[in-house]
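Structure first, then comments.
2 protein chains.
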Amino acid sequence: MLSKGDKTRAEIVEHAKSLFYERGYDGTSFTDIVNAVGVYRGNINYYFKTKDDILKAVIDRHLEEFGALLAEWTARHADPRDRLIDFVHMIAERQAALTRYGCPIGTLNTELGKDRPELQRSARALFDLFKDWLVEQFRALGSSSDEAIALALHLLGRAQGVAVIAHVYQDTVLLQREVAQMETWIRQFSL
Amino acid sequence: MLSKGDKTRAEIVEHAKSLFYERGYDGTSFTDIVNAVGVYRGNINYYFKTKDDILKAVIDRHLEEFGALLAEWTARHADPRDRLIDFVHMIAERQAALTRYGCPIGTLNTELGKDRPELQRSARALFDLFKDWLVEQFRALGSSSDEAIALALHLLGRAQGVAVIAHVYQDTVLLQREVAQMETWIRQFSL
DNA sequence: GTCTATAAGAAGATAGAC
DNA sequence: GTCTATCTTCTTATAGAC
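Here you go:
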């Protein structure tokens, strides 16, 4: 059971998550967040000492949500190829947001990676979450540890590249075509 | 012959270009720029009315420099495959900056694409420059117009994806491995 | 064309009443 | 736990002397 405070805190994190995605971390002000939540100015500083603390809570929320997705795909299929295909299908399912705002994980890391190495290290955990899961799938397909890492980063990179281009050109057709190619690439692995 | 004013203007653009790349557009202030150039506060507003005007000048400078590179590759090789390989070799040559700051074109478009559609349209010209050149090369390799566009955007996306992952993980080894894969992919085309 | 001073606003963060 | 007021700093931009 959530107390009133927990609920307010969760709402701040949820709206901050959306705003950081849609406008960027620097592009989102405390005012933007409290306006979205519908609370008053001072409240945000009751729950979070600094803006960086909000970001860390947002990253944790992302980790929970994406972690749940990965668990779902793992539970749904025994064949690692089907799991990997769930991963690339996510890209097609989220095409509207991806073309409008880019990849939530990629754009956040890109922004923080410029000149905030400490915050980017926190945000990198989101990439690690996907990377480690992908490595597991390629390992299950018979790859060595090194090969599996290379394949995981290759697929992660393909996904990021598609997201960047689709975002720049607002192009959902390209996104779908590239997803289909990734699916073909996955299907050529054998157990 | 450059007048004194032209030289100051060019220096402002050159330093702004570096700073926008290293710290992001929003992350760079007028103070940062004048400090880097070594001129006084007011000068920048003598040459540029707004910050957006500086960005447009920076984009034009990028267009000139990358345009010159493309012309060089075109002049150096008759075989479009060799030209394409020059393109991917650029990624390996610039690995230090790419792992530290990401792709100058990709990160700029990603930042502006969040909530500045008008500025992002200007920055997209940088992608168009590469895209159109890549399309020409794939056309010369016998692709139809539609195929050539798809192949150009595919390679552009691969390059962007590699840059994102290499930046996130500060990983030059991955970058070189992916460049080698792109080279292999290019070599399988026949005239 | 160069330099100084400052305007006008928005940002993150804090203090304290209720 | 909620709300108001304010501090300090930094931002873009402008005005005007030299």
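Going down the list, the protein sequences come from chains A and B. First residue of the first sequence? That's 720 in the working numbering, and the numbers climb one at a time after it. First residue of the second sequence? That's 720 in the working numbering, and the numbers climb one at a time after it. We treat Cβ as the ideally placed atom computed from N, Cα and C, and that holds for glycine. Every value quoted in this text rests on a predicted model; they were computed, and no experiment measured them.
When secondary structure is reduced to three states using DSSP, T769(B) falls in the coil class, being assigned neither helix nor strand. Nearest to A729(B) by C-alpha distance, out of S748(B), V756(B), T818(B) and Y744(B), is V756(B). By alpha-carbon distance to P836(A), the top candidate from H781(B), Y820(B) and I868(B) is Y820(B). Taking the beta carbon of N828(B) as reference, the chain A residues within 8 Å of it are V883, H886 and V887, listed in sequence order.
By the criterion of a C-beta distance shorter than 8 Å, R802(B) is surrounded in its chain by W792, T793, R795, H796 and Q856, once the five residues flanking it on both sides are discounted. DSSP places D801(B) within a helical segment (H, G or I) once states are collapsed to three. Contact check for L894(B) against A885(B) passes: the beta carbons are separated by less than 8 Å. Taking a 10 Å sphere around the C-beta of V881(A), we find 16 or more other C-beta atoms and assign the residue as buried. Between R760(A) and Y766(A), the alpha-carbon positions lie close to 12 Å from each other. Contiguous alpha helix (DSSP H) elements confined to the region 853-903 of chain A occur at 864-888, taking only those with 4 or more residues.
Closer than 8 Å at the C-beta level to chain B, one finds these residues of the region 853-887 of chain A: A869, L872, H873, L875, G876, R877, A878, Q879, G880, V881, V883, I884, H886 and V887.
Annotation for H796(A): no alpha helix (DSSP H) segment contains it, and DSSP assigns it neither H nor E. Taking the CA atoms as reference points, T747(A) sits about 11 Å from V753(A). For V732(A), the enclosing alpha helix (DSSP H) begins and ends at K723 to R742. For the 8 Å CB-CB criterion, I778(A) and L845(A) form a contact. For K833(A), the neighbours in chain B by C-beta distance under 8 Å run, in chain order, E741, R742, G743, G746, Y820, G821 and T826. In the three-state DSSP reduction, D751(B) falls in the helix class (H, G or I). Within the model, the alpha-carbon separation for T829(B) versus L872(B) is close to 16 Å. Look at L803(B): its C-beta is not under 8 Å from any C-beta on chain A. In terms of CA proximity to D834(A), F739(B) leads the group D805(B), F739(B) and Q839(B). Taken atom to atom, the span from the alpha-carbon of G876(B) to that of L721(A) is near 44 Å.
Chain A has no Cβ within less than 8 Å of the Cβ of L774(B). For D834(B), the uninterrupted alpha helix (DSSP H) run begins and ends at P823 to D834, by DSSP.
Out of W904(A), R813(A), F785(A) and T727(A), the CA that lies nearest to the CA of K850(A) is found in F785(A). Of the candidates R896(A), E866(A), D847(A) and L860(A), R896(A) places its Cα closest to the Cα of E866(B). Only residues of its own chain outside the window of five on either side were considered, and among them T818 and I884 have a CB closer than 8 Å to the CB of D890(B), listed in chain order.
The three-state secondary structure of Y759(A), taken from DSSP, is coil. With a beta-carbon spacing of about 6 Å, I810(B) and A878(B) fall inside the 8 Å limit used to define contacts.
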